[in-house]
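Student: Here the protein sequences come in this chain order: V and C. Heads up, the first sequence is in numbering that gives the first Met the number 0, so the first residue is 0 and it goes up one at a time. Heads up, the second sequence is in numbering that gives the first Met the number 0, so the first residue is 0 and it goes up one at a time.
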Amino acid sequence: MARLIADADFVFNAVALEDELDQASMSFDVPEAEITAFADVYGNFLAGKPAIKLDVSGNWDPAASQGDATIFAALGGVGLTYDFEPGGTTGYNGMAIVGSYQIQAAINQAVKYSASFRHNGLTVAADGLAPTRA
Amino acid sequence: MNSIVQTIDVPEAEITAFADVYGNFLAGKKSVKTEIQGSADIDALTSVQGVKTLYAGIGAGPKSTVFDPTGTGPAAGAPEYQCTTSGLTGVLVANLKISLPVGDAARYSATLQHSGSTTRAVA
C-alpha cells in the first residue's frame with residue numbers, strides 16, 4: 000500500500016503557496032442526519048451534503064503576488080480557484096472563499112501565518128459542485 | 000512588545016441548496032482583531048508608553064494603528080496593515096490585562112478590535 004511523504008502543493012487563485020507553507024490540511028465533513036427508529040437495532044444515519052475546509056499555515060511572505068497579498072485581496076470576496084495536492088501529484092481542486100487569515104509576529108521568531116478556506120464550487124464560485132479529484 | 004497576532008475572520012454564510020452537491024458558502028464582512036502582548040513599562044505609566052496609551056484608549060473611541068510585520072514598510076514586499084481613525088473607523092481597545100507576578104517581569108496584553116476598514120499599504 001502506497002504511503003506518501005508530504006510534499007504538498009497548494010495553489011490559491013493561481014498563486015503557488017507551497018514555497019511558504021509547512022502545513023496544509025483538507026477536511027471533508029458530512030452532516031449525519033439521524034433516522035434511528037424504534038425498530039432499529041443500532042443508530043441509523045443518512046449522509047447530508049459534504050462540506051470542505053482547507054487550513055494552511057507557514058512562513059509569511061509579504062512580497063507581491065505571494066501568499067500575504069493574495070489572501071488579503073481575497074478576503075470577503077467571491078470564491079477563487081484552489082488546488083491541493085498532499086503528495087505533490089494527486090489532489091483536489093475547486094473554488095473557495097477565505098474564512099480567516101492570521102499573521103503572527105513574535106520576538107526572535109519568523110513571522111508566521113495561517114489561513115482557512117471554505118470550498119464553495121468547482122468551476123464557478125458558489126456553483127455547489129464537488130471538487131475534482133485528479 | 001514581544002508578540003503581535005492579527006486575525007481577520009470572514010463569516011461563511013451557508014447557501015447550500017437542494018440542487019447543490021457540496022456545501023455552498025458566501026463570504027460575509029471581514030472582522031479584524033489584533034492581539035498584542037509584552038513587558039509592561041511600569042516606570043513609564045505616567046508617560047507615553049504602551050500601557051498608558053492603551054489604558055487611555057479604553058472607551059475612548061476609535062484610534063489609529065499600524066501593524067508592520069517587517070518593520071520596514073510600507074513598501075513593496077513590506078506591507079503595513081493600517082486602520083486609520085476616521086469617523087467610526089479605527090481600533091477599539093477591547094481588553095487590557097496587566098500582570099504583576101511575584102518574581103517575574105510585569106507584563107501586559109491587549110486586544111484591539113478593528114472597526115471599519117483595514118488596508119494593506121505597500122507605499
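Glycine included, each C-beta is placed from N, C-alpha and C at the ideal position. Small disclaimer: the values here were computed from a predicted structure and weren't measured.
Alpha carbons only, please: which of V/49, V/79, V/15 and V/131 is nearest the one belonging to residue 97 of chain V?
Tutor: It is V/79.
Student: Would you mind telling me which residues of chain V sit closer than 8 Å to residue 73 of chain C, beta carbon to beta carbon, in chain order?
Tutor: Those do not exist, as residue 73 of chain C stays about 10 Å from chain V at its closest Cβ, beyond 8 Å.
Student: Can a CB atom of chain V be found closer than 9 Å to the CB of residue 83 of chain C?
Tutor: By this cut-off, residue 83 of chain C is not an interface position.
Student: Classify residue 91 of chain V as buried or exposed, calling it buried when 16 or more other Cβ atoms lie within 10 Å of its own Cβ.
Tutor: So residue 91 of chain V counts as buried.
Student: Does the stretch 12-30 of chain C come close enough to the stretch 63-78 of chain C to have 3 or more Cβ pairs within less than 8 Å?
Tutor: Taking 8 Å as the limit for Cβ pairs, the verdict is that the stretch 63-78 of chain C does not touch the stretch 12-30 of chain C.
Student: Please list, in chain order, the chain C residues whose beta carbon lies closer than 7 Å to that of residue 98 of chain V.
Tutor: Here the neighbours are 9 and 11.
Student: Would you check if there are 3 or more beta carbon pairs closer than 8 Å linking the stretch 9-25 of chain V to the stretch 60-76 of chain V?
Tutor: Yes, since at least three Cβ pairs between the stretch 9-25 of chain V and the stretch 60-76 of chain V fall closer than 8 Å, the two stretches touch.
Student: Does the structure place the stretch 51-61 of chain C close enough to the stretch 116-132 of chain V that three or more beta carbon pairs sit under 8 Å?
Tutor: Judged by Cβ distances under 8 Å, the stretch 116-132 of chain V makes no contact with the stretch 51-61 of chain C, as fewer than three pairs qualify.
Student: Under three-state DSSP, which class holds residue 67 of chain V?
Tutor: Reduced to three states, the DSSP call for residue 67 of chain V is helix.
Student: Can you pull the chain C neighbours of residue 127 of chain V, defined as C-beta to C-beta under 9 Å?
Tutor: In chain order: 14, 15, 16, 18, 19, 20, 21, 22 and 23.
Student: Span of the beta strand (DSSP E) holding residue 50 of chain C?
Tutor: No beta strand (DSSP E) holds residue 50 of chain C; the alpha helix (DSSP H) holding it covers 49-56.
Student: Would you mind listing the beta strand (DSSP E) stretches within the stretch 71-129 of chain V that are 3+ residues and don't spill past its ends, in chain order?
Tutor: Runs of the beta strand (DSSP E) inside the stretch 71-129 of chain V: 79-84, 91-105 and 111-120.
Student: Are the beta-carbon atoms of residue 52 of chain V and residue 26 of chain V separated by less than 9 Å?
Tutor: Yes, Cβ-Cβ distance for residue 52 of chain V and residue 26 of chain V is below 9 Å.
Student: Please identify the residue among C/117, C/36 and C/99 whose C-alpha is closest to the C-alpha of residue 90 of chain C.
Tutor: Looking at the Cα atoms, C/117 is the closest of the given residues.
Student: With distances taken Cα to Cα, identify the nearest neighbour of residue 36 of chain C among C/113, C/4 and C/102.
Tutor: When each option's Cα is compared against that of residue 36 of chain C, the closest is C/4.
Student: Are residue 104 of chain C and residue 38 of chain C close, meaning C-beta to C-beta below 9 Å?
Tutor: Yes, the Cβ-Cβ distance between residue 104 of chain C and residue 38 of chain C is below 9 Å.
Student: By DSSP's criteria, residue 62 of chain C is part of a beta bridge. Which residues make up the other side?
Tutor: Partner(s): C/90.
Student: Evaluate residue 23 of chain C with the Cβ neighbour count: other Cβ atoms within 10 Å of its Cβ, from every protein chain shown; 16 or more gives buried, anything less gives exposed.
Tutor: Buried is the call here.
Student: Look at the Cβ atom of residue 101 of chain V, then the Cβ atom of residue 2 of chain C, and state whether they are nearer than 9 Å.
Tutor: The answer is no: Cβ separation not under 9 Å.
Student: Under DSSP, the beta strand (DSSP E) around residue 35 of chain V begins and ends at which residues?
Tutor: Premise fails: residue 35 of chain V is in no beta strand (DSSP E) and is neither H nor E.
Student: For residue 66 of chain V, which residues in the same chain have their Cβ closer than 6 Å to its Cβ, ignoring the five residues on either side in sequence?
Tutor: If we look at residue 66 of chain V and ignore the five residues flanking it on each side, its Cβ neighbours are 16, 19 and 60.
Student: Excluding the five sequence neighbours on either side, which residues of its own chain have a C-beta within less than 6 Å of the C-beta of residue 120 of chain C, listed in chain order?
Tutor: Cβ within range, chain order: 73, 79 and 81.
Student: Identify the residues that DSSP records as bridge partners of residue 58 of chain V: which are they?
Tutor: Note: residue 58 of chain V sits in a beta bridge opposite V/111.
Student: Could you name the residues of chain C that residue 132 of chain V contacts, counting a contact when the two beta carbons are closer than 9 Å?
Tutor: Ordered by position in chain C, no residue passes the 9 Å Cβ test against residue 132 of chain V, which lies about 12 Å from the chain.
Student: Return the bridge partner residues of residue 106 of chain C from the DSSP annotation.
Tutor: DSSP lists C/38 and C/98 as partners of residue 106 of chain C.
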